[in-house]
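Comments concern the structure below.
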Amino acid sequence: MAKDHICEKKLPSSSPSIEFFKQRGWSDAQVMKLTKRAPMLLNANVETALKPRLRCLQDMVFSDTEIVQLVSSCPSVLLLRDIEPKINFWRSLLGSNERLLKACKKNMFILSFSLARNIEPSISLLREHGISDKRIVHMVLTVPGCFGGIDKLKEGIKYIEELGIPRDSGVYTYALHAVMSTNKSSFDAVSATLMSFGFSQPDIVAAFRKCPYVWTLSKKTICDKMTFLMKEAGFELTYIICHSGILTFSLEKRMRPRYEVMNFLKQKKLLDEGHNPLSVIRLSDEKFIKKYLFQHKEKFTSLYDSYLAAVQGKPHVVT
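In structure tokens:
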């Protein structure tokens with residue numbers, strides 16, 4: 001059995017570290033989750049590692065609930081020797097324990113990054129490029145992976161500025177994340193896939209400026225969505241180019257089920273003209289159901305049930 005495999009049904013009973021957590025009020029489920037994410041804690045020394053670091057967190061004015069949340073998100077806090085300066089740095093930048101916990105939940109490695117080698121140089125670089133502390137905080141809370149390596153951050157900044165994305169643009173930080181979260185070959189593969197469906201190079205640049213998140217998707221995902229939109233749903237290429245954000249929605253849980261519903265209602269002559277396809281896709285599930293399905297629930301029960309099954313990822317058939 002692999003060393004890092006923890007039984008999901010039963011906790012090991014002989015580990016002093018497990019008893020340590022349970023004595024402090026942690027539930028079996030919380031301890032199980034923790035040891036599954038960080039199996040090395042099973043062998044951590046209670047007296048020299050766990051007790052001192054938990055005491056350190058208490059001294060840093062974390063409540064018991066916050067400590068559970070922090071350790072569950074970033075188990076490394078109980079293994080790193082330099083955790084106090086890291087927490088002080090992040091808490092000073094972010095402004096509260098709540099925001100720090102949010103950042104840790106977003107990226108479990110954020111407290112493992114070296115302050116001197118990665119974090120401080122990255123923040124200085126962003127400031128040098130005119131990114132305000134407010135936007136840096138937003139980046140930490142939404143795309144903390146951008147702070148993992150200074151060299152990659154430099155490359156990312158250079159690339160997106162070559163594409164002409166202004167530093168004050170609302171998508172700047174998301175563009176930076178898109179570039180940094182994928183390698184060049186994957187990034188180029190998405191561009192090539194879009195071009196195979198008719199995007200020109202200027203279209204690619206324009207689409208990236210509008211919705212860089214598209215480039216974090218796989219080549220196959222892009223291909224499947226473009227094929228559906230153009231060959232099944234009848235979207236014009238020019239429309240997709242102008243509204244490239246449509247490619248970020250789930251094909252099987254949103255695009256296809258909603259197309260099937262709208263097509264069904266259209267065939268039954270129950271749909272008024274003039275429905276914007278992008279607006280239909282953008283609606284929340286609650287609003288979509290209320291607007292297009294609920295009034296027909298009794299008459300077309302199978303349509304309603306089929307849609308609910310689809311959004312849950314279950315097999316479904318529209319009849």
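In the UniProt record's numbering, the protein residues as written are 1 to 319. For every residue, glycine included, the Cβ atom is placed at its ideal position computed from N, Cα and C.
Classification of residue i by the beta-carbon crowding that lies within 10 angstroms, buried from 16 upward
i, result
"Pro-315", "exposed"
"Glu-47", "exposed"
"Phe-109", "exposed"
"residue 332", "Residue numbering for the chain in the displayed model covers 1 to 319; residue 332 lies beyond these limits and cannot be assessed."
"residue 328", "This structure cannot speak to residue 328, because the chain is shown only from 1 to 319."
"Pro-144", "buried"
"Thr-173", "buried"
"Arg-127", "exposed"
"Thr-301", "exposed"
"Lys-86", "buried"
"Thr-35", "buried"
"His-177", "buried"
"Phe-294", "exposed"
Member of the options whose CA lies at the smallest distance from the CA of residue i
i, options, result
"Ser-96", "Thr-182, Val-137 and Lys-106", "Val-137"
"Leu-78", "Trp-90, Thr-248, Leu-163 and Cys-56", "Cys-56"
"Ser-72", "Ser-92, Leu-247, Ala-38 and Leu-80", "Ala-38"
"Leu-278", "Leu-271, Phe-249, Asp-305 and Glu-260", "Phe-249"
"Leu-115", "Leu-271, Ile-157 and Leu-80", "Leu-80"
"Thr-193", "Gln-23, Ile-222 and Tyr-213", "Ile-222"
"Arg-135", "Tyr-213, Tyr-159 and Leu-93", "Leu-93"
"Leu-101", "Glu-66, Ile-150 and Gly-149", "Glu-66"
Closer than 8 Å to chain B by CB, residue i
i, result
"Tyr-307", "Protein chain content of the structure displayed is limited to a single chain, and chain B is not contained in it."
Residue i vs residue j beta-carbon contact at 8 Å
i, j, result
"Ile-281", "Arg-258", "yes"
"Phe-199", "Ile-241", "yes"
"Met-255", "Lys-219", "no"
"Tyr-292", "Val-261", "yes"
"Arg-99", "Ile-131", "no"
"Asn-183", "Phe-147", "no"
"Ser-181", "Thr-216", "yes"
"residue 388", "Ala-175", "An answer regarding residue 388 cannot be provided, because it is not within the stretch 1 to 319 covered by the chain."
Enclosing alpha helix (DSSP H) for residue i [first to last residue]
i, result
"Arg-209", "201-210"
"Gly-234", "No alpha helix (DSSP H) holds Gly-234; DSSP gives it neither H nor E."
"Lys-105", "97-106"
"Trp-215", "Looking at the DSSP string, Trp-215 is not in any alpha helix (DSSP H), and its letter there is neither H nor E."
"Gly-156", "150-162"
"Ile-87", "83-94"
"Met-60", "No alpha helix (DSSP H) contains Met-60, which DSSP labels as neither H nor E."
"Ile-123", "120-128"
"Pro-16", "16-23"
"Leu-308", "301-311"
"Thr-35", "28-37"
Contact test: residue i Cβ vs the ligand NAD heavy atom, cutoff 7 Å
i, result
"Asn-118", "As for the ligand NAD, it is missing from this structure, which has no ligand bound."
Practice task
Could you pull out every unbroken alpha helix (DSSP H) segment of at least 4 residues lying fully inside the region 251-281, listed in chain order?
Solution key: Runs found: 256-267.
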